[in-house]
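Position one of the sequence shown corresponds to residue 1 (the working numbering), numbered consecutively onward.
Heads up: the structure comes next, in structure tokens.
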Amino acid sequence: MKESQIIAELERIVGKENVASKDDELLVYECDAVAIHKTKPLAVILPKTTAEVAAVVRLLHQERIPFGPRGAGTGLSSGALPLGCEDGQRSVLIEMARMNRILEIDYANHRATVQPGLINVRLTQAVAAAGFHYAPDPSSQTSCTIGGNVAENAGGPHCLKYGSTTNHILGLEVVLPTGEVVMLGGSGVDSIGYDLLGAFVGSEGTFGIATSVVVRLTRTPQSVITLLADFEDLNDASVAVSSIIAAGILPAALEMIDQVTINAVEDSVLAAGYPRDVAACLIVELDGLEAGLDSLARQVVEICTGHRARSVRQARDESERKKLWAGRKGAFGALGRVSPDLFVQDAVVPRTKLPEVLAGIYAIGAKYRLKMSTVFHAGDGNLHPNLNFDGRDKDEVARVLQAGKEIMQLCVDAGGSITGEHGVGSDKIDYMPMIFDQASLDKMLTVKEVFNPLGLCNPGKAVPSGRMCREYRKGFNFEAA
Ligand SMILES: Cc1cc2nc3c(=O)[nH]c(=O)nc-3n(C[C@H](O)[C@H](O)[C@H](O)COP(=O)(O)OP(=O)(O)OC[C@H]3O[C@@H](n4cnc5c(N)ncnc54)[C@H](O)[C@@H]3O)c2cc1C
1 MKESQIIAEL
11 ERIVGKENVA
21 SKDDELLVYE
31 CDAVAIHKTK
41 PLAVILPKTT
51 AEVAAVVRLL
61 HQERIPFGPR
71 GAGTGLSSGA
81 LPLGCEDGQR
91 SVLIEMARMN
101 RILEIDYANH
111 RATVQPGLIN
121 VRLTQAVAAA
131 GFHYAPDPSS
141 QTSCTIGGNV
151 AENAGGPHCL
161 KYGSTTNHIL
171 GLEVVLPTGE
181 VVMLGGSGVD
191 SIGYDLLGAF
201 VGSEGTFGIA
211 TSVVVRLTRT
221 PQSVITLLAD
231 FEDLNDASVA
241 VSSIIAAGIL
251 PAALEMIDQV
261 TINAVEDSVL
271 AAGYPRDVAA
281 CLIVELDGLE
291 AGLDSLARQV
301 VEICTGHRAR
311 SVRQARDESE
321 RKKLWAGRKG
331 AFGALGRVSP
341 DLFVQDAVVP
351 RTKLPEVLAG
361 IYAIGAKYRL
371 KMSTVFHAGD
381 GNLHPNLNFD
391 GRDKDEVARV
401 LQAGKEIMQL
411 CVDAGGSITG
421 EHGVGSDKID
431 YMPMIFDQAS
441 LDKMLTVKEV
451 FNPLGLCNPG
461 KAVPSGRMCR
471 EYRKGFNFEA
481 A
């Protein structure tokens with residue numbers, strides 16, 4: 001079929017009003033939140049039902065057209081970048097935004113069933129009055145979707161205590177890359193057979209499209225204490241992080257914000273009252289039963305003071321607590337005040353390596369003459385070194401990419417990894433060999449082939465295969481599949 005015929009068929013399946021294929025309509029879909037990598041899709045479709053997704057995928061599979069799911073496009077690894085095939089065939093984006101309903105809330109069993117396009121925070125808003133919340137809370141939670149969270153195994157500040165997305169997904173309905181519809185997992189606490197649900201979560205859109213998600217609901221804790229500790233020396237703040245965890249305290253969240261970020265936030269509408277003149281602040285949140293929480297907070301204050309915190313203050317009420325969090329969660333946006341573009345990096349290192357790795361990261365920034373900032377989930381060693389730049393300056397863009405690569409190598413050399421929560425996508429696909437040998441990568445590709453035999457579903461993401469779209473094992477008959 002010609003491209004125009006494909007578009008006509010897509011319009012027939014989902015309705016003309018749910019297909020975008022004009023050049024100007026496609027502009028907003030040419031990248032996710034990594035604006036450094038851009039490519040235009042052939043078309044974007046916005047299905048409303050699982051049946052529509054399955055019919056679209058069957059058509060694209062039959063016509064050998066690459067395609068990929070997209071949630072809200074807040075991804076930070078170019079996971080929803082609509083890459084085409086090596087022969088120039090452009091891909092179709094399947095944007096899940098219109099499948100955004102909460103289908104069922106089952107308080108008695110602490111679970112809910114939602115469509116994948118539901119914005120993360122909407123679920124917590126819907127269940128808050130009943131004393132529940134949805135625990136994974138990426139800083140982008142006011143815009144990212146549950147489907148995108150599943151694909152990336154998203155984290156968030158409170159995942160330190162509550163665990164990342166994979167710990168909160170009980171079941172999935174999935175349209176496989178061939179168009180079949182399967183159920184993975186179930187609504188129980190354990191499922192029989194291979195853990196295909198576990199394999200799907202974090203598969204970055206390469207194993208198919210989640211069309212319905214059963215999630216775990218978490219009881220909202222009885223009491224919460226939020227502390228802001230400020231340090232004149234970044235090293236002291238880093239050592240305080242390890243010391244809090246080493247003391248056997250598991251905060252709900254333990255975040256670090258450096259001086260550049262503090263000032264960007266304080267200059268913005270999100271001004272939270274962070275002290276501008278310190279090297280770094282820690283936000284430490286403790287939650288649980290009211291009894292004993294004050295004494296835990298006193299322990300945290302002592303540890304921070306013992307590591308030369310200039311002051312440690314406690315949020316007086318819910319409104320002050322919300323302000324502290326709004327500043328932290330809106331920090332990437334506020335960094336728009338520092339430069340027109342931002343390259344948010346993501347890596348994880350052992351907590352005890354934070355001081356040396358942070359020093360190394362700032363040194364790399366200086367070497368490449370880049371403005372650097374960091375704001376991150378310090379409690380689990382999940383760093384977000386941010387490279388501020390101007391995308392119109394090609395030389396600066398090249399320096400950003402080179403610095404990004406060196407930062408990844410630095411983190412790997414420190415015993416860490418190239419991503420803590422944002423995924424590999426296509427942005428970091430070339431870095432996978434920093435972590436895995438070829439035999440391990442081959443095994444991952446073998447698993448991918450089981451779900452995605454023709455490699456048409458989100459090509460060029462997560463695991464390097466060398467050949468776009470035709471990522472089949474040796475001897476596989478592409479034409480006959
Ligand atoms: C300001 C900001 C703060 C952020 N903070 C955090 C944070 O604290 N923690 C964190 O983990 N991430 C964070 N992120 C990154 C991002 O928000 C997450 O990765 C999020 O999970 C992406 O969701 P999305 O709906 O935008 O997905 P997209 O960006 O649209 O897609 C991401 C991936 O999911 C796949 N996908 C989307 N929907 C489906 C589906 N239904 N089925 C299968 N695959 C699908 C896509 O193909 C792609 O590979 C942040 C991003 C920004 C811009």
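Even glycine gets a Cβ: it sits at the ideal position worked out from N, Cα and C.
Treat the numbers as computed from the prediction; the structure is a model and nothing was measured.
* Which whole-angstrom value is the C-beta distance of Ala398 and Leu387, which I expect to be below 8 Å? -> That belief does not hold up - the Cβ atoms of Ala398 and Leu387 are roughly 12 Å apart, past 8 Å.
* Asked: Is Lys371 helix, strand or coil when you go by DSSP?
  -> The answer is strand: DSSP assigns Lys371 an E or B state.
* To do: On the DSSP bridge assignment, give the partners of Val300 in chain order.
  => According to the DSSP secondary-structure assignment, Val300 is paired through a beta bridge with no residue.
* Comparing the CB of Asn18 with every heavy atom of ligand 1, is any distance shorter than 7 Å? -> If you check the C-beta of Asn18 against ligand 1, you find no heavy atom less than 7 Å away.
* **Own chain partners of Thr526 with C-beta closer than 7 Å, once the 5 adjacent residues on each side are dropped** => Residue 526 lies beyond the stretch modelled for the chain, which goes from 1 to 481, so this question has no answer here.
* Distance, Cα to Cα, Ala97 vs Val301? -> Approximately 43 Å, taken between the alpha carbons.
* How is the alpha helix (DSSP H) around Arg276 delimited, first residue to last? -> For Arg276, no alpha helix (DSSP H) encloses it, and the DSSP letter there is neither H nor E.
* What three-state label does DSSP hand Pro464 in the structure shown? -> Of the three classes helix, strand and coil, the one that applies to Pro464 here is coil, per DSSP.
* Under three-state DSSP, which class holds Leu342? -> The answer is strand: DSSP assigns Leu342 an E or B state.
* **Whole beta strand (DSSP E) elements within the stretch 194-262, 3-residue minimum** => Listed in chain order, they are 209-216, 223-231 and 253-258.
* Asked: Using a Cβ-Cβ cut-off of 6 Å (strictly less than) and excluding sequence neighbours within five positions of Gly156, which residues of its own chain qualify?
  -> Closer than 6 Å at Cβ, skipping near neighbours: Pro136, Asp137 and Pro138.
* To do: Report, in whole angstroms, the separation of the C-beta atoms of Thr491 and Gln314, which I expect to be a contact under 8 Å.
  => Residue 491 cannot be examined here, being either before or after the span of the chain that is shown, 1 to 481.
* **Coil, strand or helix - Gln125 by DSSP** => In the structure shown, Gln125 falls within a helical segment according to DSSP collapsed to helix, strand and coil.
* Residue range of the alpha helix (DSSP H) that includes Met408 -> Residue range Lys394 to Asp413 is occupied by the alpha helix (DSSP H) that includes Met408.
* To do: Compute the minimum distance between the beta carbon of Val424 and the heavy atoms of ligand 2, and state whether it is under 7 Å.
  => With respect to ligand 2, the structure shown offers nothing to examine, as its ligands consist of ligand 1.
* Figure out for me which residue from Gly15, Asp393 and Leu445 has the closest Cα to the Cα of Ser339. => In this structure, Asp393 is the residue among Gly15, Asp393 and Leu445 with its C-alpha nearest to the C-alpha of Ser339.
* Can Arg122 be considered in contact with ligand 1, in the sense that its beta carbon sits closer than 7 Å to one or more heavy atoms? -> Residue side-chain check: Arg122 keeps its Cβ at 7 Å or more from all non-hydrogen atoms of ligand 1.
* **the stretch 29-36 contacting the stretch 50-66, beta-carbon criterion three pairs below 8 Å** => Contact between the stretch 29-36 and the stretch 50-66 is absent, because fewer than three Cβ pairs lie under 8 Å.
* To do: Kindly indicate which three-state DSSP category Cys457 falls into: helix, strand or coil?
  => Reduced to three states, the DSSP call for Cys457 is strand.
* According to the neighbour-count rule (16 or more other Cβ atoms, all chains shown, within 10 Å of its Cβ), is Tyr368 buried or exposed? -> So Tyr368 counts as buried.
* For the stretch 34-79, list the alpha helix (DSSP H) runs that are entirely contained and at least 4 residues long, ordered along the chain. => For secondary structure counted as the alpha helix (DSSP H) over 4 or more consecutive residues, the stretch 34-79 holds these complete runs in sequence order: 50-62.
* To do: May I ask you to check if the CB of Leu76 is nearer than 7 Å to at least one heavy atom of ligand 1?
  => Yes, ligand 1 has a heavy atom inside 7 Å of this Cβ.
* Could you round the C-beta distance between Leu370 and Val400 to whole angstroms and report it? I think they count as a contact, below 8 Å. => Correct: roughly 6 Å between the Cβ atoms.
* To do: Using three-state DSSP, classify Ala378 as helix, strand or coil.
  => In the three-state scheme derived from DSSP, where H, G and I count as helix and E and B as strand, Ala378 is classed as helix.
* Asked: Is the distance from the Cβ of Arg337 to the Cβ of Asp294 below 8 Å?
  -> At least 8 Å separates the beta-carbon of Arg337 from that of Asp294.
* To do: Using a threshold of 8 Å, state whether the C-beta atoms of Leu456 and Pro116 are closer than that.
  => Against a cut-off of 8 Å, the Cβ pair of Pro116 and Leu456 comes out as no contact.
* Looking at Lys353 and ligand 1, is the gap between the Cβ and the nearest heavy atom below 7 Å? -> Checking every heavy atom of ligand 1 against the Cβ of Lys353, none is found closer than 7 Å.
* To do: Could you give the DSSP three-state label for Arg308: helix, strand or coil?
  => In this structure, Arg308 counts as coil in the three-state DSSP scheme.
* Pair every Cβ in the stretch 230-249 with every Cβ in the stretch 198-213, then say whether three or more of these pairs are closer than 8 Å. => Cβ pair count under 8 Å is below three, so no.
* To do: Pull up the distance between the alpha-carbon of Lys503 and that of Asp24, whole angstroms please.
  => This structure leaves residue 503 out entirely; the chain is present only between 1 and 481.
* To do: Kindly identify the DSSP beta-bridge partner or partners of Gln314.
  => The beta-bridge partner set that DSSP reports for Gln314 consists of Leu227.
* Roughly how many angstroms separate the alpha carbons of Asn458 and Pro82, rounded to a whole number? -> Whole-angstrom Cα-Cα distance: 7 Å.
* Reference Tyr162, options Gly330, Leu286, Ala363 and Gly179, closest by Cα -> Of Gly330, Leu286, Ala363 and Gly179, the residue nearest in Cα terms is Leu286.
* Using 10 angstroms around the beta-carbon of Lys22, count the other beta-carbons present and answer buried if the total reaches 16, otherwise exposed. => With fewer than 16 Cβ atoms within 10 Å of its Cβ, Lys22 is classed as exposed.
* Burial state of Ile6 (16 or more Cβ within 10 Å) -> Under a 10 Å Cβ-count criterion, Ile6 is classified as buried, with 16 or more other Cβ atoms of the shown protein chains found around its own Cβ.
* Between the stretch 196-204 and the stretch 167-186, do at least 3 Cβ pairs fall closer than 8 Å? -> With a cut-off of 8 Å, the stretch 167-186 and the stretch 196-204 count as touching, because enough Cβ pairs lie within range.
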